[in-house]
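Here is the structure we will look at, set down as structure tokens.
Number of protein chains: 2
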Amino acid sequence: MDLPSRDTSSDSIAEDIALAIHEHRLPPGSKLSEDEVGEIFGVSRTVVRAALQRLAHDRLVELRRNRGAFVAQPSLREAREVFEARALLEPRTARSAAERITEADLALLQRHIDAEHEALAAGQAGRALYLSGKFHIEIARIADQDTIAEFITQLVARSSLIIAVYWQRRGALCERHAHHALMRALAAHDGALAEELMKSHLLDLLSSLDLRSRTAAPSSLREALGG
Amino acid sequence: MDLPSRDTSSDSIAEDIALAIHEHRLPPGSKLSEDEVGEIFGVSRTVVRAALQRLAHDRLVELRRNRGAFVAQPSLREAREVFEARALLEPRTARSAAERITEADLALLQRHIDAEHEALAAGQAGRALYLSGKFHIEIARIADQDTIAEFITQLVARSSLIIAVYWQRRGALCERHAHHALMRALAAHDGALAEELMKSHLLDLLSSLDLRSRTAAPSSLREALGG
DNA sequence: GAACACAAGATTGTATACGATTTTGTGCCG
DNA sequence: CGGCACAAAATCGTATACAATCTTGTGTTC
């Protein structure tokens, strides 16, 4: 049933939780009780704690001493900073990717985009968002930069949380064209264009968020009273 | 004996070990037995494991299943990638810092440089290296970019490991002039110059490493047989 | 009726115990 | 004498138990 040589169970659980957060099945602020999580996955609190600590290190969950673990609620400042970090890392990485990309890579990227469209068509917005993030990570992998890819992985996951908190419903699928145009630039080995497209794509993403006001960190209390 | 309201003990232990690695008191490849570390710090393996997992996440130690924790030995590839990541993050961050820096920040940076020189004069090369890294992190803090500062913190720590493995003894203190020149650019609020200086400083650092040959990852075996 | 004090409940922090896996030492066999 | 097999030791992986801390409910007092 399991894959042949799986990582430690805590890694597996951390990934499961991270995926749920990424796909917005676990909204920001959700409590992750150690007992509860342990019961769900059939393991003891020891391994759950390891998983939660890893997620806390990635800033996906917040650990409050003697209070428990909660899905993180990125602050306005953090939201800005995450996209500023991405703006430093991703455009130049896209340029490198364009210079190194192979036919196999292009095919893989195309499958990614197709899967994203399918998920969107099936109404699985969360999954589409997850795949959209994977697209960015894949570019870093194509650029053959594991270290940067890891940072981007982390930033993409945090971006997903930021979107969960600050997304202002409006034109939703500017994504489609952006990713498609980016892929064409990559296919043409046009590094300069790829860099420029990635840069503006990230700016578009940022500007589609509602980063005004909301003075304090949106506590779950605020969410509850908002309705 | 303890500080008033310390973090969890595992955080404190992780920092202690990270500092030891940073200052080259713990060479790459060192084994970090859970029992041994626990005895040294007077805690159980539970908290030691948490500390080691955090360090593993930062890539300072490598966790091998059923084998134990070892101080990481960065590969050639990782060495290159770390400095490429720094090259993407730090120059632009230095520019931002130059635009925002205050008198208080400048005084703090000056104290950093002074402490670095003192350590060097006192023959504490490891401590000087640590302070030199702090200088880079401080610049990110001045740029008011916590998220990027965190990444740089991680990259600086890994750089310290890389230096431990790949440093070729030669002119050692190009650092002094580089950091001083950088500080002058910051003081003059000359963002473009600061960016350029940081860029070439990182290139200098990289070129002072011996990244040739050593085909495989340098196992501790090789070290042992080298003498 | 409101505010405070205290106690019961729940949840996390840490230690210890046991099982699984790897390493290493020893002895037999070719 | 070299190589393999097996057993003992060491070390990590996980579960469980207890202590510390926080939350929350209740009763008393003003």
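Chains G and A, in that order, are what the protein sequence lines are.
When we follow full-length UniProt numbering, the leftmost residue of the first sequence carries the number 1, and every step to the right adds one.
When we follow full-length UniProt numbering, the leftmost residue of the second sequence carries the number 1, and every step to the right adds one.
Ideal Cβ positions, reconstructed from N, Cα and C, are used throughout, including at glycine.
Annotation: G/ASP11 to G/ALA51 spans about 6 Å, alpha carbon to alpha carbon. In the DSSP assignment, G/GLU78 falls within the alpha helix (DSSP H) that extends over 76–100. The shortest C-alpha to C-alpha distance from A/THR147 to any of A/HIS112, A/GLU116, A/ALA187, A/LEU89 is the one to A/LEU89. Contact of A/LEU89 with chain G is assigned, a C-beta pair being separated by under 7 Å. As computed with DSSP, G/VAL71 is found in a beta bridge with G/VAL61. Checking the DSSP bridge columns, you'll see A/LEU209 partnered with A/TRP167.
Exclusion of the five residues before and after A/ALA69 leaves LEU32, LEU52, VAL61, LEU63 as the residues of its chain whose Cβ lies within less than 6 Å of its Cβ.
Listed along chain A are LEU89, GLN145, THR147, ILE148, PHE151, each with a C-beta nearer than 8 Å to that of G/ALA85. For G/ILE139 and A/ALA143, the gap between their C-alpha atoms comes out near 28 Å.
With its beta carbon less than 7 Å from one in chain A, G/HIS57 belongs to the interface.
When only Cα atoms are considered, A/ARG86 and G/ALA185 end up about 26 Å apart. Note that the C-beta distance between G/MET183 and G/PRO91 is not below 7 Å. The Cβ of G/VAL61 sits no closer than 7 Å to any Cβ of chain A. The C-beta distance from A/ALA72 to A/ARG80 rounds to 15 Å, too long to fall under 8 Å, and the pair is not in contact. Counting other Cβ atoms within 10 Å of its Cβ, A/SER160 reaches 16 or more and is therefore classed as buried. Ranked by Cα distance from A/PRO28, the options A/LEU202, A/HIS177, A/ILE163 are led by A/ILE163.
Between G/GLY191 and G/GLU103, the C-beta spacing is not below 7 Å. Contact annotation for G/GLU78 against chain A: ASP146, THR147 [CB-CB distance below 9 Å, chain order].
Secondary structure of G/LEU26 (DSSP, three-state): coil. By the rule that beta-carbons nearer than 7 Å mark a contact, A/ARG45 does not touch chain G. Beta bridge pairing from DSSP links A/LYS31 with A/PHE70.
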